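Participant: Residue numbers (mature numbering (1 follows the signal peptide of the UniProt record, and there is no 0)): -31 to -1, 1 to 1029.
(1) Could you tell me the alpha carbon to alpha carbon distance between residue 587 and residue 598, rounded to whole angstroms?
(2) Under the rule that 16 or more other beta-carbon atoms within 10 Å means buried, what is residue 527, buried or exposed?
(3) Considering only the beta carbon of each residue, do residue 172 and residue 220 sit closer than 8 Å?
(4) In the DSSP assignment, the alpha helix (DSSP H) including residue 54 goes from what residue to what residue?
(5) To which residues of the same chain is residue 346 closer than 6 Å at the C-beta, ignoring the five residues directly before and after it?
(6) What is the DSSP secondary structure of residue 405, reduced to helix, strand or coil?
(7) Alpha carbon to alpha carbon, how far is residue 122 from residue 190? Give it in angstroms, no decimals.
(8) Taking all protein chains shown into account, decide if residue 286 is buried (16 or more other Cβ within 10 angstroms of its Cβ) or exposed.
(9) According to DSSP, is residue 204 part of a helix, a strand, or is it coil?
(10) Considering only DSSP beta bridges, list what residue 454 is partnered with.
(11) Where does the unbroken beta strand (DSSP E) through residue 973 begin, and where does it stop?
(12) Taking just the CA atoms, how far does residue 932 sit from residue 277?
(13) May I have the straight-line CA-CA distance separating residue 81 from residue 70, to the nearest angstrom?
(14) Is residue 501 helix, strand or coil when you go by DSSP?
(15) Using a Cβ-Cβ cut-off of 6 Å (strictly less than) and excluding sequence neighbours within five positions of residue 541, which residues of its own chain qualify?
(16) Confirm, please, whether the CB-CB distance from residue 814 to residue 839 is below 8 Å.
(17) Taking residue 373 as the reference, which of 132, 473 and 424 has the closest Cα?
(18) Put residue 1032 into one of helix, strand or coil per three-state DSSP.
(19) Please identify the residue among 944, 885 and 968 whose C-alpha is closest to the C-alpha of residue 954.
(20) How long is the line joining the alpha carbons of residue 623 and residue 698, rounded to whole angstroms?
(21) Given a threshold of 16 other Cβ atoms within 10 Å of its Cβ, counted over all protein chains shown, does residue -26 qualify as buried or as exposed?
(22) Given 8 Å as the limit, is there contact between the segment 288 to 304 and the segment 200 to 219, that is, 3 or more CB pairs closer than that?
(23) Pull up the distance between the alpha-carbon of residue 366 and that of residue 532, whole angstroms please.
(24) Would you mind reading off the limits of the alpha helix (DSSP H) that contains residue 439?
(25) Taking only runs of the alpha helix (DSSP H) that begin and end inside the segment 257 to 328, which ones reach a length of at least 4 residues, in chain order?
(26) So what does DSSP say about residue 1006, is it helix, strand or coil?
(27) Strictly by DSSP, which residues pair up with residue 860?
(28) Between the segment 201 to 210 and the segment 649 to 660, do at least 3 Cβ pairs fall closer than 8 Å?
(29) Do you know offhand how far residue 621's Cα is from residue 694's?
(30) With 16 other CB atoms within 10 Å as the buried threshold, where does residue 638 fall?
(31) Are there three or more Cβ pairs, one per stretch, closer than 8 Å when the segment 804 to 824 is compared with the segment 841 to 861?
(32) According to the neighbour-count rule (16 or more other Cβ atoms, all chains shown, within 10 Å of its Cβ), is residue 734 buried or exposed?
(33) Measure the C-alpha to C-alpha separation of residue 918 and residue 573 and round it to an integer number of angstroms.
(34) Any heavy atom of the ligand GDP closer than 7 Å to the CB of residue 64?
(35) For residue 677, which of 686, 882 and 667 has the nearest alpha-carbon?
(36) Helix, strand or coil, according to DSSP, for residue 117 in the structure here?
Here it is as structure tokens:
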């Protein structure tokens, strides 16, 4: 019995040992087996994501390995231990971090994983460029707005600045002339200067462009992000060039993974978007006759009668402008079928626009590259205007070793622009010329040839408008500008120890331009009929700007203390030269250049400026909730006086992330609550390169009986001339909540001191005035930005951004003994201590005089006529004098706002953007010509319908047509009648996109494909009656003055993009 029991026990033991040995053997075999895993990363829509960083960690050993997804969003890890578990972490800019812990690896190659990443709803992990570095959005303490490429590329246009309108609070984009190839005016937080430039500093991939650089040479489709440093504290690291804000452009770079090839194409058409509507020939015949009749009678009512015929008027000594135009009698008789040219229809057209863009990028863990080429072709909505641009971008970065990497970035472009000048001479300005062309004359003759000088010849006898056919001006006059430009940089990063980086960057910007002008003898100009002397001019110039920067950055974390320390030097120099050669006496119009001239004038220009700078910055964070930053930059500039070449520009910022405090309620709906405060100083060096020096102009003088050449000084030396300095305080907060919404608020107060002004000096000095640092001005405002991402509305996904900003400007001080500056056409602009810069200034009109009793019983200037405007006696002294003028607002808007939204449904996406301004006034001199009633220029329909006439329109409220221009009428050219409210709301962009499904595209080896239709500037709601409510002049002191500025185009385009 016991023996059997022992046998059974031994048998069981043997089975157990065999089982254990077999399992040990199996485990040993499995342990020696290797396996692999293949994964795909997609976004919420199922589209693959290239360039996603993938970190894999062995859960047992904590050993890590990393890679990135290729162009199709695929990643692979080989030589893994079968039977082991691994943790995977996925990170990608703009998306929430994704983890997949404890993934069991089975033997073989059948392991697969699909990762769906979600867009970063809060955006708190976004990286923001701050100048000589970058920071996470959560650690930003200054006032910075960021615009990403997906927001920029929804607007079809040549200039990235146009695409910023309504995208960032406090940033105003004024498309003052929407002519293709021109740059819009960019104003950040109001204007704080009187005579220096207002443009912000633009920095492209670390290279600061000089003021005046054409932004049309930057291809918008190459831009990855635009970061806007709005407060001087954020911008102070750029010192004497940062007072107007800084725009940091980061262009696209290659990403690790398989090569990616993308192609984008769109084409469409444009039309003018303004609502200017001129009277037709029959209406103008009536108005012109009314003006000449009343002008004739009003000069001597006792002896003249409106019924006097042409001969009688001549006999009674009538002025030329008081004689009726004989050739318009058929129009007064309403004879059908007469010439009735709409000159705006003749000069405006439907214009094509198209863009072709190809980009290739890729790389691996060590090297990355990006290459793009773009062809942009835009005809202007005014005939014979347009822009063609060829541009490329090449970027290459490589790691030579773990501690050493280098990179290069090159951006060549070639622009060919056909343009005209906006001016009041009407000689080269098609729009201005159209406003004085009568509809009685054709643009072309019956045989199709251009009608030349017909109106000039017909109107000479009766002193009518002597304007040339604007179509002939544009077609026969050559006005071309070609610009070649290449800029870029090369850098080296060296990391000798952990956390320490030395960076050396060398950059260059070279441009050469050629402007070619020719007007033949076969076309007339204002007041001169053809044939006239032909003229030609050529301008050739080049500019070279180079930069050398060296910075040392140290990053270190010690417990809860995070440090980032920056120190560096920069040197930048620019030199330029140009030669303008103009000539006359060209005998043959077929020689359409300067070579055919017999006499010449040559004007050479050359300049150079240099700047040397030292900079330092400390960024500190404790426990990721207390933030502090201090920076200083010391600039030396050749532009300023010998005793004031150096300036210091410090800044201090602080932030507190309140929701990370232990005492803060752990509300699940609050993602971030951060309080911010900043102080900083920045400078404005945008003045002439030699303003501090005594300059001399050629001047002949007489010695005895001989005329000799010489020179005379035109301004005194000012060794103390320095930059304007802007001191700013900014207080704000950032609130992120519900993992989808972000609210940012800022209040700022800025004072610009040492304003540069021409100040009168004693006559014994030999000069009338001298440029000095004397004035002060302030800007205050509030900004709000609210955004939401990936909000679910049933089957819809909604993204939006909204912003609103206010700004109030005030002049605090002018020159010694100077209370105000009055300037501009008709003295219509005033800059006064206690008031805003460039306030519209004139008389307040309360009505129209309709009987003599109204004139006799009210204050008026001598010579006031029936039909003239009633002017308010503001100071109640019983007289109308210049002291009765008052302010009527400014071009600078009081409120700006924008709203951007997109809805996604399955494969469709609908997006739109709106921007608007409120509190703007414009003085449009073209509108003065259209609505003053002098019977000379072409009126608009508004004037025709609302002008006063005792018989034809007795209820009218605009001045009666009258060629007898009284002193009253001259005064009221600068008055409330012509100070136009220019508020507007503009539907800036609408785009409908269809994204093809990834399952379909994968079979075609295409990673992404979409088609879209886009409408730009589809609707503008405004009461402004001119061509462009953004129109303004380049002179700060006359901001808001315009003359028939080029209107913004309304466009429709269709396009597609493919990514392989």
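We put the CB at the ideal spot given by N, CA and C, even for glycine. Owing to the predicted nature of the structure, the values given are computational and were not obtained by experimental measurement.
Facilitator: Taking the geometry as given:
(1) On the chain shown, position 618 is the one that residue 587 refers to. On the chain shown, position 629 is the one that residue 598 refers to. Between residue 587 and residue 598, the C-alpha separation is close to 5 Å.
(2) If you number the chain shown from 1, residue 527 lands on position 558. Under this definition residue 527 is an exposed residue.
(3) Sequence index remark: in the chain shown, residue 172 carries index 203 (1-based). Sequence index remark: in the chain shown, residue 220 carries index 251 (1-based). No, Cβ-Cβ distance for residue 172 and residue 220 is not below 8 Å.
(4) Your numbering for residue 54 matches position 85 in the chain shown. Unbroken run through residue 54 is the beta strand (DSSP E), 54 to 60; no alpha helix (DSSP H).
(5) The sequence position of residue 346 within the chain shown is 377, counting from 1. The answer, listed in chain order, is 323 and 357.
(6) Counting from 1 along the chain shown, the entry for residue 405 is found at position 436. The answer is coil: DSSP assigns residue 405 none of H, G, I, E or B.
(7) Locating residue 190 in the chain shown gives position 221, counting from the first residue. Locating residue 122 in the chain shown gives position 153, counting from the first residue. Whole-angstrom Cα-Cα distance: 7 Å.
(8) The residue you call residue 286 lines up with position 317 of the chain shown. Its Cβ having fewer than 16 others within 10 Å, residue 286 is exposed.
(9) The count along the chain shown starts at 1 and reaches residue 204 at position 235. Residue 204: helix per DSSP, three-state reduction.
(10) Your numbering for residue 454 matches position 485 in the chain shown. 382 and 480.
(11) Counting from one through the chain shown, the residue named residue 973 turns up at place 1004. First-last for residue 973: undefined, no H or E at that position.
(12) Residue mapping note: residue 277 aligns to position 308 of the chain shown, counting from 1. Residue mapping note: residue 932 aligns to position 963 of the chain shown, counting from 1. Answer to the nearest angstrom: the Cα atoms are 16 Å apart.
(13) Numbered from 1 along the chain shown, position 112 holds the residue referred to as residue 81. Numbered from 1 along the chain shown, position 101 holds the residue referred to as residue 70. Roughly 14 Å between the two C-alpha positions.
(14) Position 532 of the chain shown, counted from the first residue, corresponds to residue 501. Three-state result, residue 501: coil.
(15) For the purposes of this step, residue 541 is taken as residue 572 along the chain shown, with counting starting at 1. So the list reads 516 and 580, once near-sequence residues are dropped.
(16) The residue given as residue 839 occupies position 870 in the chain shown. The residue given as residue 814 occupies position 845 in the chain shown. In contact: residue 839 and residue 814 (Cβ atoms closer than 8 Å).
(17) Counting from 1 along the chain shown, the entry for residue 373 is found at position 404. Among 132, 473 and 424, the Cα nearest to that of residue 373 is on 473.
(18) The displayed coordinates of the chain run from -31 to 1029. Any statement about residue 1032 would go beyond what the structure contains.
(19) As a working mapping, residue 954 is identified with position 985 in the chain shown. If we check each option's Cα against that of residue 954, 885 comes out closest.
(20) In the chain shown, residue 623 corresponds to position 654, counting from 1. In the chain shown, residue 698 corresponds to position 729, counting from 1. Whole-angstrom Cα-Cα distance: 12 Å.
(21) On the chain shown, residue -26 is found 6 positions in, with the first residue counted as 1. Confidence at residue -26 is low in this model, with a pLDDT of 48, below 50, so the placement of that residue should be treated as unreliable; the coordinate-derived value is given next. Looking at its Cβ environment, which holds fewer than 16 other Cβ atoms inside 10 Å, residue -26 is exposed.
(22) no
(23) Taking the first residue of the chain shown as position 1, residue 366 is located at position 397. Taking the first residue of the chain shown as position 1, residue 532 is located at position 563. If you take the alpha carbons of residue 366 and residue 532, they lie about 27 Å apart.
(24) What you label residue 439 is simply residue 470 of the chain shown in a count that begins at 1. Residue 439 -> alpha helix (DSSP H) spans 439 to 445.
(25) 279 to 284, 298 to 301 and 312 to 316
(26) Here residue 1006 corresponds to residue number 1037 of the chain shown, with the count starting at 1. Secondary structure of residue 1006 (DSSP, three-state): helix.
(27) Here the question's residue 860 lines up with position 891 in the chain shown. Per DSSP, none; premise fails for residue 860.
(28) By the C-beta criterion, the segment 201 to 210 is judged to be in contact with the segment 649 to 660, since at least 3 inter-stretch pairs fall below 8 Å.
(29) Mapped onto the chain shown, residue 621 falls at position 652. Mapped onto the chain shown, residue 694 falls at position 725. Their Cα atoms are separated by approximately 16 Å.
(30) Within the chain shown, the letter at position 669 stands for residue 638. By the neighbour-count rule (16 or more Cβ atoms within 10 Å), residue 638 is not buried but exposed.
(31) yes
(32) Residue numbering aside, residue 734 sits at position 765 when the chain shown is read from its first letter. So residue 734 counts as exposed.
(33) As a working note, residue 918 is residue 949 in the chain shown. As a working note, residue 573 is residue 604 in the chain shown. Roughly 56 Å between the two C-alpha positions.
(34) Inclusion of the ligand GDP in the displayed structure is not the case, the ligand content being empty and no account of it being possible.
(35) As a working mapping, residue 677 is identified with position 708 in the chain shown. Answer by Cα proximity: 667.
(36) Numbered from 1 along the chain shown, position 148 holds the residue referred to as residue 117. Three-state DSSP puts residue 117 in a strand.
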